[in-house]
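To start, the structure itself, in structure tokens.
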Amino acid sequence: MATVETRGVKKHYGAVVAVNGVDLLTRDGEFLVLLGPSGCGKTTLLRMIAGFETPTAGELLIGGERVNDLPPRARKIAMVFQSYALYPHMTVFKNIAFPLKAQRMDKASIPKKVEWAASLFGIGHLMERKPRELSGGERQRVALARALVREPAVFLLDEPLSNLDAQLRASARDELQQFQRRIGTTTIYVTHDQVEAMGLGDRIVVMKAGTVRQIGTPQEIYHEPADAFVARFVGSPPMNLLQHQNYLLGFRPEHFLPRGTQNGKGKVSTFSFRVTRVEYLGADRLLYGLLNGAFADQKVIARLPSTVTVNIQPETNYDFTVEDKELKFFDASTELRISARPL
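Residues in the sequence shown are numbered from 25 upward in steps of one, following the working numbering.
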């Protein structure tokens, strides 16, 4: 096992700054997720840790050892790519065994090691098949087994589930998390999918434009966003953000409820809400509309659970409330979180 640390790491491609001074410590045995939109630098950061990209500046440490000048094979890492990068002409057995042969492991020991890795992912019955004969989920398991067979100190995963359909992706997330908990290998996982990030990560690193905007547990990222970007990016639907003269007022859609339906006993703020559209999602309803009064014509979304049985009709005004403890405030110019409503 190992820690992974980046100290002031930068990566420039000419005038383009892909990663801009990232300081990050991944703890031993942690499942850390790098989350952000396309082009934010998360994959570039992962590739620098792996040794496939050279930092423009800064230091990379694995297990406390500086690895800037070490090739990928000497870093005790294994990486799984979005494409899985399986060898199409090789069987599953040979794909999994390939890293061991590259390490010149004793030939007699290789089958047992391959069987061990395959058993962890339930693919022992696929050993003689070629990648073209496998489903997307099976290819993903083969790629993970091939990475694990080397028993790396660090597992690096670059959007490994993005090629799977939604249903298979959900089950693969569960399997991947259980597997990581079982083996305890330090894991860094890149994704642009906030559902994956929230469901998998011990901690999440939210990135934008090559910088880290917030590091925290899924609960911290969701409930206590450090800035308006994190508030908008994490959550489905995202946090409602209302423009005021010198601040932004934010609240989650599930905290925006018809007056009288709040479960809490604390103080509430009331908004006049004109519903324009109702979307039924089975267990929930999403209400889209515009506010009246001080925040006139600003769009908001409410998420009502099935337990809230109030009849809501489109093109009608309603009083909705938010408990004051759920209100978040952000500086209008910097968009950074502030502790209380400005005067």
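Ideal Cβ positions, reconstructed from N, Cα and C, are used throughout, including at glycine.
- Shown here for Ile-362: same chain residues with a beta carbon closer than 8 Å to its own, the five before and five after excluded, namely Tyr-271, Phe-353, Phe-354, Asp-355 in chain order.
- Secondary structure note for Leu-265: its beta strand (DSSP E) is the uninterrupted segment 264-267.
- Bounds of the alpha helix (DSSP H) holding Ala-141 are 134-144.
- The beta carbon of Gly-60 sits closer than 7 Å to the beta carbons of Lys-66, His-216, Val-230, Met-231, Lys-232 from its chain, once the five residues preceding and following it are set aside; these are given in chain order.
- The C-alpha of Asp-47 is placed about 18 Å away from the C-alpha of Val-254.
- Burial state of Ala-121 is buried, judged by a 10 Å Cβ sphere holding 16 or more other Cβ atoms.
- Nearest neighbour of Gln-267 by Cα position, chosen from Pro-135, Met-222, Lys-323, Thr-78, turns out to be Lys-323.
- Between Pro-79 and Val-33, the gap from beta carbon to beta carbon is short of 7 Å.
- Burial state of Arg-365 is exposed, judged by a 10 Å Cβ sphere holding fewer than 16 other Cβ atoms.
- Counting every other CB atom within 10 Å of its CB across the protein chains shown gives Lys-349 a total below 16, marking it as exposed.
- Apart from sequence neighbours up to five positions away, the residues of its chain that approach Val-302 with a beta-carbon distance below 7 Å are Arg-309, Leu-311, Ile-336, Pro-338, ordered along the chain.
- Residue state for Ile-73 is assigned as helix, using DSSP reduced to three classes.
- Arg-128 counts as exposed, since fewer than 16 other C-beta atoms from the protein chains shown sit within 10 angstroms of its C-beta.
- For the pair of segments examined, the segment 183-191 was found to touch the segment 148-167: the number of CB pairs separated by less than 8 Å reaches three.
- Straight-line spacing of the CA atoms in Val-138 and Arg-193 works out to 25 Å.
- When DSSP states are grouped into helix, strand and coil, Pro-338 belongs to the coil group.
- Beta-bridge pairing by DSSP links Met-231 to Val-236.
- Going by beta carbons, Asn-341 and Arg-283 fall outside the 7 Å limit.
- Annotation for Ala-81: Lys-34 place their beta carbon closer than 6 Å to its own, counting only its chain and skipping 5 residues before and after.
- In the three-state reduction of the DSSP assignment, Thr-67 falls in the helix class, which pools H, G and I.
- Judged by DSSP in its simplified three-state form, Asn-287 adopts coil rather than helix or strand.
- Check the Cα spacing between Glu-220 and each of Phe-179, Glu-199, Thr-209: the tightest is with Glu-199.
- Close CB contacts of Ala-142 within its chain, under the 6 Å cut and outside five residues either way in sequence, are with Gly-148, Ala-169 (chain order).
- Here the alpha carbon of Val-104 sits roughly 14 Å from the alpha carbon of Ala-196.
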